[in-house]
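Residue numbers (my numbering): -6 to 238. Notes follow the structure.
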Ligand SMILES: NC(=O)c1ccc[n+]([C@@H]2O[C@H](COP(=O)([O-])OP(=O)(O)OC[C@H]3O[C@@H](n4cnc5c(N)ncnc54)[C@H](OP(=O)(O)O)[C@@H]3O)[C@@H](O)[C@H]2O)c1
């Protein structure tokens, strides 16, 4: 029986175990997908020793960056983003990948058009790094928006962003957890009146399907997209990596 799994903490609301268990059943794959909630990254080596059959591991909050010192090899994207959410294990060699990048790029592109030529990236954590990588690749200039300004990255605080800047940057990407179940009434402190029908609001949160952030966009005629497709694409991308030569 092949073995795959997820590390993170806590893992009570994890999507991956259900997704892969159903996929294995449907496709007749003899494999198991287990959750490994570890309360500190120092427990990772012990887990690998206890589970020598593990062939592939997904990595979620809070270990996407902390797992990097454990890798023997890293993809170019991991090197550039400093974040890894997918590991392939072959003969004891751990190789790290970042499938959030592919997931975000493919789902963003579905509704992207020439109106969306300047972006605001809300939040500066692990998922934000994947988003920034994709925007750079697509040649879309962006401003990072954070609770604290950081001159080294040029990020601004929400209060520093003017109404006209928010109106001019027609692609808004929420990489913060604001609005995620159960805190579904919260959303980033933007000036939502600056939204026009030419805006595109993308939320990496996928539960609920329509966050307060997205409702604010929809009510003003903007294009909206949640993080569900990104999640599905990154999962399938991981499966391809675990099965590739
Ligand atoms: N759809 C998908 O496939 C997918 C993939 C990855 C992540 N996600 C989702 O994306 C979200 C972020 O994940 P992550 O791994 O990047 O988490 P993270 O590393 O904890 O970063 C989240 C960032 O959001 C900002 N933030 C956190 N709490 C906030 C608050 N109360 N108010 C305003 N800003 C706040 C912070 O940026 P500042 O300190 O700069 O303000 C923080 O760095 C989660 O909801 C996660 O589920 C979805």
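Here a beta-carbon is modelled for each residue, glycine too, at the ideal position from N, C-alpha and C.
Query, Result
"Cα-Cα separation, residue 8 to residue 157", "38 Å"
"beta-carbon residue 199 near ligand 1 non-hydrogen atom, thresh 8 Å", "yes"
"Stretch-stretch touch, CB-based, cutoff 8 Å, three pairs: the segment 26 to 38 with the segment 77 to 92", "no"
"Beta-carbon separation (whole angstroms), residue 32 vs residue 56, contact threshold 8 Å", "Not confirmed; about 11 Å, so no contact."
"Distance CB(residue 188)-CB(residue 124) smaller than 9 Å", "no"
"Chain C contact for residue 183 (CB, 9 Å cutoff)", "Checking the listed chains, one finds no chain C in this structure; it contains a single protein chain."
"Under 9 Å between C-beta atoms of residue 10 and residue -4", "no"
"Whole-angstrom C-beta distance between residue 81 and residue 234, which should lie under 8 Å", "6 Å"
"Reduced DSSP category for residue 30 - H, G, I as helix; E, B as strand; rest coil", "strand"
"Helix, strand or coil at residue 138 according to DSSP, with G and I counted as helix", "strand"
"Assigned exposure category for residue 109 - 16 Cβ within 10 Å defines buried", "buried"
"Residue 171: first and last residue of the uninterrupted beta strand (DSSP E) it sits in", "Careful: residue 171 lies outside any beta strand (DSSP E) and carries neither H nor E."
"Neighbourhood of residue 94 by C-beta distance below 8 Å, restricted to the same chain and skipping five residues each side", "70, 74, 123, 126 and 127"
"Straight-line gap, residue 186 to residue 44 (C-alpha atoms, nearest Å)", "53 Å"
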